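Notes for the one structure printed next.
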Amino acid sequence: DTGVSQDPRHKITKRGQNVTFRCDPISEHNRLYWYRQTLGQGPEFLTYFQNEAQLEKSRLLSDRFSAERPKGSFSTLEIQRTEQGDSAMYLCASSLINEQFFGPGTRLTVL
Amino acid sequence: KNEVEQSPQNLTAQEGEFITINCSYSVGISALHWLQQHPGGGIVSLFMLSSGKKKHGRLIATINIQEKHSSLHITASHPRDSAVYICAVHTGNQFYFGTGTSLTVIP
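First to last, the sequence lines map onto chains A and B.
Be aware that the first sequence starts at 1, since it is given in the numbering used here, and climbs by one per residue.
Be aware that the second sequence starts at 1, since it is given in the numbering used here, and climbs by one per residue.
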């Protein structure tokens, strides 16, 4: 048990719908990362927060994706107008310095 | 072009064999991580390296900063070591990941 939790663990949605995922990091960790992983690939960086500030966002990330970490604790990742290509595992990780602790991920399937 | 390249992509070994997985990277890094991912998606951090060598049980990780290369070794491999091993590098605010090495250890 890494201490990072994600909700939901699985999400099936129809194309065009909006979805929101939640990540609860380890409580004392000030850094929070979102990644996306498709089958057979390594994780792909999406965005990074230090406390409540979003410091980095992948250039590959569509405008349909938005993330927040309003109080510097939990974070949400929203995907608007989902597309079939958004189907993937969405991973959250938190860290204090460099070592990351990963959550179990949210598997999104867009039909 | 990937910032992180791993080899081999797939590896099958007999139980007891010594295993080496290689990682090369092309960016300046503050740290390199070796991760283990089991079927079902859970990722566990094995090592974080910025120089030299680390050992944990049967696992050994080395890094050569000048050559931008790291290796993960597994001694006396066991079927429970079967997993995907991922190399990741930290470059300040971003992480770059390799595509992983899928290891299968046969009894």
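Just so it is clear, CB atoms sit at the ideal spot from N, CA and C, and this is done for glycine as well.
The structure presented is a predicted model; accordingly, all values stated were derived computationally and were not measured.
Per DSSP, what kind of secondary structure is residue i in: helix, strand or coil?
i, result
"G3 of chain A", "coil"
"Q17 of chain A", "coil"
"E85 of chain A", "The sequence given here has Gly at residue 85 of chain A, not Glu. Looking at G85 of chain A - three-state DSSP - the assignment turns out to be helix."
"R59 of chain A", "coil"
"K52 of chain B", "Just to set this straight, residue 52 of chain B is Gly in the shown sequence, not Lys. G52 of chain B falls in the strand class under three-state DSSP."
"F74 of chain A", "coil"
"S102 of chain B", "strand"
"T109 of chain A", "strand"
"N112 of chain A", "The structure shown does not extend to residue 112 of chain A, since chain A spans only 1 to 111, so no value can be given for it."
"H33 of chain B", "strand"
"Y68 of chain A", "One point to set straight first is that residue 68 of chain A is Glu, not Tyr, in the sequence displayed. Residue state, collapsed to three classes: strand."
"H10 of chain A", "strand"
"F49 of chain A", "strand"
"N2 of chain B", "coil"
"V44 of chain B", "strand"
"E15 of chain B", "coil"
"L39 of chain A", "coil"
My guess is that residue i and residue j are in contact by the Cβ rule of under 8 Å, so how many angstroms apart are they, rounded?
i, j, result
"E3 of chain B", "V89 of chain B", "7 Å"
"P8 of chain A", "T106 of chain A", "6 Å"
"L46 of chain B", "L35 of chain B", "6 Å"
"G121 of chain A", "I86 of chain B", "Nothing in the structure corresponds to residue 121 of chain A, since chain A is present only between 1 and 111."
"A13 of chain B", "I21 of chain B", "Their Cβ separation, rounded to whole angstroms, is 11 Å, which puts A13 of chain B and I21 of chain B out of contact at 8 Å."
"S30 of chain B", "T91 of chain B", "7 Å"
"Q50 of chain A", "M89 of chain A", "Not really, about 24 Å apart at Cβ, beyond 8 Å."
"K68 of chain B", "S102 of chain B", "Not a contact, Cβ separation roughly 23 Å."
What in chain B is Cβ-close to residue i, meaning under 7 Å?
i, result
"F102 of chain A", "I43"
"E99 of chain A", "S45, M48"
Give the residues of chain B in contact with residue i, contact being defined as C-beta atoms less than 9 Å apart.
i, result
"P25 of chain A", "Those do not exist, as P25 of chain A stays about 14 Å from chain B at its closest Cβ, beyond 9 Å."
"E68 of chain A", "Chain B residues near E68 of chain A: none, gap ~18 Å exceeds 9 Å."
Consider the C-beta atom of residue i and the heavy atoms of the ligand MG; say whether any pair is separated by less than 7 Å.
i, result
"K14 of chain A", "Absence of the ligand MG is noted for the structure shown, with no ligands found whatsoever."
Margin query: My parser needs the beta strand (DSSP E) runs of 3 or more residues fully inside the stretch 63-88 of chain B; what are they?
Written below: 69-74
Check: Of all the residues that make up the stretch 6-33 of chain B, which are near chain A by a beta-carbon distance shorter than 9 Å?
Finding: Cβ contacts with chain A come from Q6, S30, A31, H33.
Next item on the list: Report the residues of the stretch 43-77 of chain B with a CB closer than 7 Å to any CB of chain A, ordered along the chain.
Entry: I43, S45, M48
Item checked: Positions along the stretch 34-54 of chain A whose CB lies within less than 9 Å of some CB in chain B -> Y35, Q37, G40, Q41, G42, P43, E44, F45, Y48, Q50
Next item on the list: With 8 Å as the limit, tell me which residues of the stretch 84-102 of chain B have their beta carbon closer than that to any beta carbon of chain A; keep them in chain order.
Entry: I86, A88, H90, N93, Q94, F95, Y96, F97, G98, T99, G100
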